[in-house]
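Student:
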Amino acid sequence: MALKIDDLPGAIRQAKKELRAALPNYREVFAEVEAAIIAEAKRIAAQRDRGEDVIPEIQFSDVTGQRVTPDQIALVKARGACVIRQVFPRVLVHGWDQDIANYVETNNLDKRLENRAEDKYFGQLASSKPQIYGVYWSKPQVLARQSESLTVARVFLNKLWRNESDGRVHFDPLHVPVYADRLRRRPPGSASLGLSAHCDGGSVERWIESNFRKVYRHVFAGNWRDYDAFDAAFRTDVEEIASPAVCSMFRTFQGWTALTPQGPGDGTLQLVPIANSMVYILLRALQDDVAEDDLCGAMPGRALSIKPEFHAPLFEALSSIPRMEAGDTVFWHSDVIHAVEDEHKGAGYSNVMYIASVPACAKNDAYLKRQLPSFLKGESPPDFPADHFEVDFTGRATAEDLTPLGRAQLGFDL
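What follows is the structure, given as C-alpha cells:
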C-alpha cells in the first residue's frame, strides 16, 4: 500500500514531537553520532587521498568459489557497498552495449525523449539531469537480469542481510525477482548532467511512517550503536508515498552493471561509503536549528536530498567509485548516500544498466504482479514516469526471450 499524507507540515511537526518525547536527550545522542561520523568520514577521506580504495572490491570468481573472506564481508557491511569484478565477459558486454545503441537509434528514441514525461523525482536536487533513458525492455537488459551469473552475485549480496528475527522470515535471499530499471548512456564531454548527493527508498516517510520508525527503532530510542543497517526487520513492511521513480520494492542493494570502461572523472557514481549514515541523517532532522515543519529539506515523492548546510560531515567521505571495466558491477546498500559526477571528462561513452539486488518477499511479489503487464506490453514499469516509449519498438524483448529463471524472476509463476 502507498502512504498518503494530507497535511505534511502538520505530520512533520507531530512526528518531531513524538520522536523527541521518546528521546528527550536527542541533542546529546546526536552529538555522539556526529562525533563518530566525523571521525569515520575523516578516516575514509584520508584513505582515499592516499590513493587507496575505499569501496571494497570482490572478484566474481571468489563469489562462485566461496572464497570471499570474513574480513571482506565485514568491510562490505561497514562501507555499505562493493564492486564485484568480471560478473560478465567483456566481449559479451561490448556486444550488449552495441545492441542497445542500435536499439535506441533504430527506434528514434532521441526524438521521443523530447516529449517524455517530466521526472520530478530528482527535481529539487542542485544537479538533477542525469542522462538516464526510459528504456527497460531491451534484450541486453532482459538477458542480464535473468543471467545465472548476476543472479549468483545478487544471492550473495542478499545473504549479507539478516533475513530472519523474532521467529519471522522477512525475505527469501535465494530468489531474485526483477526490478526493471533504466539505462544511462552518457557521451564524453557532457557537463551538468550529474546528480547531487541523495538517498532513495523513502524521504519524509522515514520519520513519519510507523514501519519505517520500527526499522530505525534503535536510533530513535537513542541506542544507535545497536542499529544494524543489514537487519531486514520491518523493511518489507514499510509504505512509501507513491510517486514516479520512487521504488516500491525492497532492494537489499541498488546497483549497476558497466557496459563500457569508466572511472573517476568520467561522470561516474560517487558514494558516501558509511553504511550507518542514515543514523546521522535521521537524528540531524530533530535538532533545534531545523524548522519544526522541516526535515532538512526532505520532500515527499522525491529523492532524500543530502545538503551541505545540514549534513556537512558526510560530504568529506563522498568518493568516486574505482575504475570499472565492461562486465563489472557495483552495488550499494539501499540507505547509502550516492551521487553522480557532474562532468564526464573522459574519452568514451559512460554507459550502465541499472540492475538492483532484490529478494523475494510479499512486498516484492505484489510489485511483480503490477510490473509483469508492463513487460508484456512494452510499457514503462509502475514505479517510473509513464513514457511507454517501447510499446512499438522493433527488437524489444518478449516472453520468448525468457529462460525458465527469467520467467520466474518476472513473476510468471505467481
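Residue numbers (the numbering used here): 5 to 418. Just so you know, even glycine gets a beta-carbon here, dropped at the ideal spot from N, CA and C.
So, Arg190 versus Ser354, is the Cβ gap smaller than 9 Å?
Tutor: Closer than 9 Å, so yes.
Student: Short check: CB of Glu38 to CB of Ile278, under 9 Å?
Tutor: Going by C-beta atoms, Glu38 is not nearer than 9 Å to Ile278.
Student: Taking DSSP's pairing of strands, which residues face Ala343 in a bridge?
Tutor: Note: Ala343 sits in a beta bridge opposite Gln274.
Student: Are Arg210 and Pro265 close, meaning C-beta to C-beta below 9 Å?
Tutor: Not in contact: Arg210 and Pro265 (Cβ atoms no closer than 9 Å).
Student: Could you pull out every unbroken alpha helix (DSSP H) segment of at least 4 residues lying fully inside the segment 332-396, listed in chain order?
Tutor: Those alpha helix (DSSP H) runs which fall completely within the segment 332-396 and span 4+ residues are 366-381.
Student: Measure the Cβ-Cβ separation of Ile104 and Ser142 and say whether it is below 9 Å.
Tutor: Yes.
Student: Suppose only complete runs of 3+ residues qualify. What are the beta strand (DSSP E) ranges in the segment 181-207, listed by chain order?
Tutor: Qualifying beta strand (DSSP E) stretches, in chain order: 187-190, 199-203.
Student: Can you give me the C-alpha to C-alpha distance between Phe64 and Asp298, rounded to a whole angstrom?
Tutor: Spanning the two alpha carbons is a distance of roughly 44 Å.
Student: Bridge partners of Cys251, per DSSP?
Tutor: DSSP output for Cys251 lists no bridge partner at all.
Student: DSSP on Gly55, reduced to helix/strand/coil?
Tutor: Here Gly55 sits in coil by DSSP.
Student: With DSSP collapsed to three states, give me the class of Arg166.
Tutor: Strand.
Student: Looking only at its own chain, which residues have a Cβ that is under 7 Å from the Cβ of Glu244, when we skip the five neighbours before and after it?
Tutor: Within the same chain, Glu244 has close Cβ partners Ala6, Leu7, Gly206, Glu209, Val250, Ser252.
Student: Is it buried or exposed for Ser309, if we count other Cβ within 10 angstroms and need 16 for buried?
Tutor: Burial call: buried.
Student: Would you say the segment 166-179 touches the segment 66-84, given that touching needs at least three Cβ pairs under 8 Å?
Tutor: No: the two stretches stay apart, fewer than three of their Cβ pairs being nearer than 8 Å.
Student: Tell me whether Trp260 sits in a helix, a strand or coil according to DSSP, three-state version.
Tutor: Residue state, collapsed to three classes: strand.
Student: Can you tell which of Gln102, Trp260, Val146 has the C-alpha that lies nearest to the C-alpha of Ile136?
Tutor: Closest by alpha carbon: Trp260.
Student: What residues match up with Phe61 in a beta bridge as DSSP calls it?
Tutor: At residue 61 the sequence reads Glu, which differs from the Phe that was named. Glu61 pairs with Val87.
Student: Give the secondary structure of Leu308 by DSSP, where H, G and I count as helix, E and B as strand, and everything else as coil.
Tutor: In the structure shown, Leu308 sits in a strand (DSSP, three-state: E or B).
Student: Could you spell out the range, first to last residue, of the alpha helix (DSSP H) harbouring Glu329?
Tutor: It is not in any alpha helix (DSSP H) - Glu329 carries neither H nor E in the DSSP assignment.
Student: Is it buried or exposed, Val33, if we count other Cβ atoms within 10 angstroms and call 16 or more buried?
Tutor: So Val33 counts as buried.
Student: Starting from Ser151, trace the alpha helix (DSSP H) both ways and give me its first and last residue.
Tutor: Premise fails: Ser151 is in no alpha helix (DSSP H) and is neither H nor E.
Student: Ignore the nearest five residues each way along the sequence and tell me which others in Val67's own chain have a CB closer than 8 Å to its CB.
Tutor: Closer than 8 Å at Cβ, skipping near neighbours: Ile88, Val156, Ala157, Phe160.
Student: Expressed to the nearest angstrom, what Euclidean distance is found between the alpha-carbon atoms of Ala307 and Ala351?
Tutor: Computed Cα separation, rounded: 30 Å.
Student: Can you look up Arg71 in the DSSP assignment and give me helix, strand or coil?
Tutor: Of the three classes helix, strand and coil, the one that applies to Arg71 here is coil, per DSSP.
Student: Please report the distance separating the alpha-carbon of Ile9 from that of Ala15.
Tutor: Their Cα atoms are separated by approximately 7 Å.
Student: If you follow the alpha helix (DSSP H) that Tyr140 is part of, which residue opens it and which one closes it?
Tutor: No alpha helix (DSSP H) holds Tyr140; DSSP gives it neither H nor E.
Student: Judging by CA-CA distance, which residue of Thr333, Glu329, Met282, Glu345 is the nearest neighbour of His315?
Tutor: The option with the nearest alpha carbon to His315 is Met282.
Student: Taking the alpha-carbon of Pro363 as reference, which of Glu394, Ala412, Gly399 has the nearest alpha-carbon?
Tutor: Of the listed residues, the one whose Cα sits closest to Pro363 is Ala412.
Student: Which residue wins for smallest C-alpha separation from Leu164, given the options Phe257, Pro385, Ser200?
Tutor: It is Phe257 whose Cα lies nearest to the Cα of Leu164.
Student: Rounded to the nearest angstrom, what separates Asp396 and Thr110 at their Cα positions?
Tutor: Taking the straight line from one Cα to the other gives about 12 Å.
Student: Using only the alpha-carbon positions, how far apart do Asn29 and Ile285 sit?
Tutor: Their backbone Cα atoms lie some 17 Å apart in a straight line.
Student: Could you round the C-beta distance between Ser361 and Asn162 to whole angstroms and report it? I think they count as a contact, below 8 Å.
Tutor: The pair is a contact, with the Cβ atoms about 6 Å apart (cut-off 8 Å).
Student: Since Val223 sits in a beta bridge, which residues does DSSP pair it with?
Tutor: In the DSSP output, where bridge partners are listed per residue, Val223 has none listed.
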